[in-house]
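Structure, as structure tokens:
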Amino acid sequence: MKTTFLKITALVAFVAFSSCKDKAEEAETKAAEEVAVAKSTAVTFKADTDKSIITWKGFKPTGSHEGTINVKGGTIAINGDTVESGKFTIDMSTIEVTDIPKSEEGNANLQGHLSGPDFFDVTGFPTAEFEVTGFENKDGKSMLSGNLTMKGETNNISFPVKTSVDGDTMTLTSETFTIDRSKWNIKYGSKSFFDDLGDKFINDDIELTVNLLANKA
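Residue 78 in the working numbering is what sits at position 78 of the sequence shown, and the numbering runs on without skipping anything.
Below you can see the structure in the form of structure tokens.
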């Protein structure tokens with residue numbers, strides 16, 4: 001009996017360690033900053049909401065779940081290869097779970113939990129917003145910074161992106177990065193707020209990847 005218990009404990013620890021090890025780097029997070037203003041020479045592009053999407057992945061000791069969130073709208077101003085300003089609205093009510101088939105009850109249960117007050121509370125906070133505050137080259141990468149407002153809390157985050165312009169279309173794709181949900185007051189199952197969770201906790205880190213397509217306004 002003792003041997004079986006030790007094996008199970010070791011397996012849970014291994015899965016948790018593997019999950020943490022495989023996660024992307026956390027975005028630099030700090031207090032909100034002044035929003036960037038584009039020069040008059042910048043070209044403005046409007047988000048194509050049918051072709052822009054954010055993918056997410058959340059972790060717990062026994063595995064992970066993943067899905068998507070839609071971009072509701074927004075604009076971005078480009079000057080050459082530089083992002084000068086931008087503001088985007090994220091439709092939190094469109095949270096979907098993609099790792100569980102929709103035909104299974106677990107899909108609706110998880111989606112409902114994420115949409116409820118324990119997590120993103122989409123009734124009280126139906127949208128999130130990202131406003132550009134800066135863009136710089138750092139260690140060979142283009143770093144986009146902006147104020148992310150979610151569930152009534154605002155923090156500034158910085159993460160690597162690649163941008164390209166082809167005629168009247170521009171694309172912005174981020175590297176996969178993580179944010180610490182506890183900094184946006186998302187408390188459920190978080191060790192940052194509760195000490196008695198044992199192995200029932202859910203990691204604070206949420207992986208995100210931004211895929212934006214925009215057309216010349």
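Quick reminder that beta carbons are idealized off the backbone N, C-alpha and C, glycines included.
Item, Value
"Reference Ser164; option with closest CA among Glu96, Asn155, Ala77, Phe177", "Ala77"
"Ranges of the beta strand (DSSP E) found wholly within the stretch 23–66, counting only runs of at least 3", "28–30, 43–47, 53–60"
"Where Thr226 falls, given that 16 or more other Cβ within 10 Å makes a residue buried", "Residue 226 is absent from the model: the chain starts at 1 and stops at 217."
"Enclosing alpha helix (DSSP H) for Glu105 [first to last residue]", "105–115"
"At least 3 beta-carbon pairs within less than 8 Å: the stretch 140–153 vs the stretch 174–193", "yes"
"Extent of the continuous beta strand (DSSP E) to which Lys216 belongs", "205–216"
"Sequence-distant residues of the same chain with beta carbon closer than 7 Å to Val83, five excluded per side", "Ile76, Val132, Phe135, Leu144, Thr163"
"Run of the beta strand (DSSP E) containing Ile219, from where it starts to where it stops", "Given that the chain is displayed from residue 1 to residue 217, the structure contains no residue 219 and the question cannot be resolved."
"Beta-carbon separation (whole angstroms), Thr55 vs Asp91, contact threshold 8 Å", "About 14 Å; that fails the 8 Å criterion."
"Distance CB(Thr244)-CB(Glu26) smaller than 7 Å", "Given a span of 1 to 217 for the chain in the structure shown, any question on residue 244 remains unanswerable."
"Simplified DSSP assignment, three categories, for Lys183", "helix"
"Reference Ile100, options Ser174, Ser64, Gly73, closest by Cα", "Ser64"
"Cβ separation of Glu34 and Ser158, assumed to be a contact under 8 Å, to the nearest whole Å", "Actually they are not in contact, since the Cβ atoms of Glu34 and Ser158 sit about 15 Å apart, beyond 8 Å."
"When Asn79, Ala32, Ile202, Thr62 are compared against Lys39, the one with the closest alpha-carbon", "Asn79"
"Simplified DSSP state of Phe120, which is helix, strand or coil", "coil"
"C-beta atoms of Val43 and Ser85 nearer than 7 Å", "no"
"Coil, strand or helix - Ser18 by DSSP", "Reliability of the predicted coordinates at Ser18 is poor, the pLDDT of 37 falling under 50, and no value is obtained from them."
"Straight-line Cα distance separating Leu213 from Thr168", "For clarity, residue 168 is Asp in the given sequence; the question names Thr instead. Using only the alpha carbons, I get a separation of about 11 Å."
"Distance CB(Phe45)-CB(Met170) smaller than 7 Å", "yes"
"Rounded straight-line distance, which links the Cα of Asn109 to that of Asp118", "13 Å"
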